[in-house]
Amino acid sequence: MTEKKEKNNPNKKLEEKLFYKKESAWTDFADSEHKKIFDFAFNYKTFLSESKTERLCIENIIKILEKAGFKNIENLKSVKKGDKGYKVFKGKTLTAFVAGEKMDEFRLIGSHVDSPRLDLKPSPLYQNSELALLKSHYYGGIKKFHWVNTPLELHGVAFTKSGKTVEIHIGDKESDPKFIIPDLLPHLAKEQMKKEGSKIIEGEELNIICGHIPLRDKDIKEKIKFTILKHLNDTHGLIEEDFAFAELEFVPAQKSIDIGFDRGLVGGYGQDDRVCVYTSLMALTETKNPKHTAVAYFSDKEETGSNGDTGAESFSLVNFTFDYIKLAGLDILPWKILERSKAISADVTTAMDPTFSSVNDPQNVSYLGKGVSIEKYGGGGGKYSTNDAHAEYMQFLRNIADKNSIPWQTGEMGKIDIGGGGTIAMFMSRFGMDCVDAGPCVLGMHSTCEVTSKADIYSAHLLYKAFFTE
221 MTEKKEKNNP NKKLEEKLFY KKESAWTDFA DSEHKKIFDF AFNYKTFLSE
271 SKTERLCIEN IIKILEKAGF KNIENLKSVK KGDKGYKVFK GKTLTAFVAG
321 EKMDEFRLIG SHVDSPRLDL KPSPLYQNSE LALLKSHYYG GIKKFHWVNT
371 PLELHGVAFT KSGKTVEIHI GDKESDPKFI IPDLLPHLAK EQMKKEGSKI
421 IEGEELNIIC GHIPLRDKDI KEKIKFTILK HLNDTHGLIE EDFAFAELEF
471 VPAQKSIDIG FDRGLVGGYG QDDRVCVYTS LMALTETKNP KHTAVAYFSD
521 KEETGSNGDT GAESFSLVNF TFDYIKLAGL DILPWKILER SKAISADVTT
571 AMDPTFSSVN DPQNVSYLGK GVSIEKYGGG GGKYSTNDAH AEYMQFLRNI
621 ADKNSIPWQT GEMGKIDIGG GGTIAMFMSR FGMDCVDAGP CVLGMHSTCE
671 VTSKADIYSA HLLYKAFFTE
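Structural data, given as structure tokens:
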């Protein structure tokens, strides 16, 4: 059929109308917008590299908010339309807002600041085979073999016996020492390689090398352990007992990077879910005069089930709403504000990996570079442990995306009986508000270097920004 006949073919025209086609967001965006995409991604990479723990992430969120004119809620006596504020709780969760014309209803976007990592055990330090090592306990869902032979850095907070707070950051600077978990060499790994993938490296084998030089003193039995403890005492005032009362986390010692000849992808640790943290944070700072109060909620503990006082299952969101009502002088219960609000659970989803395509339904999976993914539900199996958004609300989100020419796609987290994943959507929706998952798709999720598309990152930012002002 010639090109002319194809244009005049009524079925061809009807096909274009009827079929759902996932096009590349790179071609949906005008060439003039590509610079904006790359500039946005550059700033995101900086944020990602500097926000490798939940505490660091919250600290950097506060810096960005205050630069944009947001004030700590503790310093506010009242709130009126246009005011910008934030509430931080225990340094691990934060809720920020821009007061809207309708102050008794939120447009709420929730994301989480924690990522899989290696925490230290209460009594971690020991000496063996001319090495000092630290025992770890992994946090969140990981493939344990990802973490061996990977340079690591240490962040956290400890307390001396007298109660002095000690912040620890070792390995994030180029001149700093790094840490590592050695793997078994292939020459001697015949039996190891027969193990199941989950047991190639086991939890009790994630022991981190932290020292090697012994003390010159015959009276001291554990000479290398002694030098490590002396170093920590000299530099931070700590003793071994203080480990039990500390919160120390090991994360990959690497900066976020561009990937590919064309630099279209971002590689980095913690993109689940700090890519949504950053995109929703910047969307909030750019929001002016919203119809409804725009709220960005940054929660902790999602990777371990959202439990605890800083997780989304806590009452941190309700407590913020109590404070907001008081400052705004509203006569309404916090539950009622939350019930009438609309929300997005800003979290990532899986991307199609051409090497491991069998785990996904190719018709119902997100693809890198095809825009932000709006997913009706997550969970696993028969839609367990998830929020399942109503059709009316899915239409609401589609209208926002289409009206603002934002590239979007939809999908699921793998084939039905293979696996799945959870988000904080079910914890936000329990208040009665409509909620749906929306965020970029990711390759290598929960690995030490996750991969996203710059086009999807920018698409998510545009959707969040449009949602805040809807």
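Position one of the sequence shown corresponds to residue 221 (our numbering), numbered consecutively onward.
Beta carbons: idealized from backbone N, C-alpha and C, even for Gly.
Could you round the C-beta distance between residue 504 and residue 318 to whole angstroms and report it? I think they count as a contact, below 8 Å. 6 Å
Would you kindly check if the distance between the Cβ of residue 657 and the Cβ of residue 645 is under 8 Å? yes
Buried or exposed: residue 357, going by 16 or more other Cβ atoms within 10 Å of its Cβ? exposed
Tell me whether the stretch 550-559 and the stretch 570-577 touch, counting them as touching only if at least three CB pairs, one residue from each stretch, are closer than 8 Å. no
Tell me the rounded alpha-carbon separation between residue 270 and residue 281. 11 Å
The stretch 501-518 touching the stretch 304-320, judged by at least three CB pairs closer than 8 Å: yes
With C-beta atoms as the reference, is residue 477 less than 8 Å away from residue 488? yes
If we ignore side chains and look at the alpha-carbon of each, how far apart do residue 355 and residue 462 end up? 15 Å
How is the beta strand (DSSP E) around residue 235 delimited, first residue to last? It is not in any beta strand (DSSP E) - residue 235 instead sits in the alpha helix (DSSP H) that spans 230-238.
Cutting at 6 Å between CB atoms, please list the residues of its own chain near residue 387, excluding the five before and the five after it. 377
Using alpha carbons as the reference points, say which of 633, 397, 266 lies closest to residue 604. 633
Residue-level contact to chain C via CB, residue 518, 8 Å cutoff: This model lacks chain C altogether, as it is built from one protein chain only.
When burial is assigned at 16 or more other CB atoms within 10 Å of the CB, is residue 305 buried or exposed? buried
What residues in its chain sit with their C-beta under 8 Å from that of residue 620, if we drop five residues either side in the sequence? 626, 683, 686, 687, 690
Residue of 671, 563, 519, 341 minimising C-alpha distance to residue 587: 671
How would you call residue 437, buried or exposed, if buried means at least 16 neighbouring beta carbons within 10 angstroms? exposed
I'd like to know if the stretch 395-404 and the stretch 426-435 are in contact, where contact means that at least 3 CB-CB pairs between them fall below 8 Å. yes
State the DSSP-derived secondary structure class of residue 522, mapped to helix, strand or coil. helix
Go ahead and label residue 540 buried or exposed: buried means 16 or more other beta carbons lie within 10 angstroms of its beta carbon, across all protein chains shown. buried
Taking 8 Å as the cut-off, does the stretch 308-315 touch the stretch 521-532 (at least 3 CB pairs, one atom from each stretch)? yes
Secondary structure at residue 417, three-state DSSP: helix, strand or coil? helix
Chain-order list of residues whose beta-carbon lies under 8 Å from that of residue 412 (same chain, five-residue window excluded): 404, 420
Nearest-angstrom Cα distance between residue 589 and residue 248? 10 Å
Just the C-alpha distance for residue 184 and residue 274, rounded to the nearest angstrom, thanks. The displayed coordinates of the chain run from 221 to 690. Any statement about residue 184 would go beyond what the structure contains.
Closest residue to residue 264 among 236, 500, 425, 239 (Cα-Cα distance): 500
By how many angstroms is the C-alpha of residue 342 removed from the C-alpha of residue 385? 17 Å
Buried or exposed by the 16-neighbour rule on C-beta atoms within 10 Å, applied to residue 549: exposed
In the DSSP assignment, the alpha helix (DSSP H) including residue 492 goes from what residue to what residue? 491-505
Boundaries of the beta strand (DSSP E) in which residue 665 is found, first to last residue: Neither: residue 665 is in no beta strand (DSSP E) and is coded neither H nor E.
Among 234, 519, 455, 329, nearest to residue 654 - alpha-carbon criterion: 329
Over the uninterrupted beta strand (DSSP E) stretch that includes residue 479, give me the two end residues. 477-479
Taking Cβ to Cβ, would you say residue 334 is nearer than 8 Å to residue 520? yes
Are the CB atoms of residue 362 and residue 374 within a distance shorter than 8 Å? no
Quick check on residue 257: buried or exposed, where buried means 16 or more other Cβ atoms within 10 Å of its Cβ? buried
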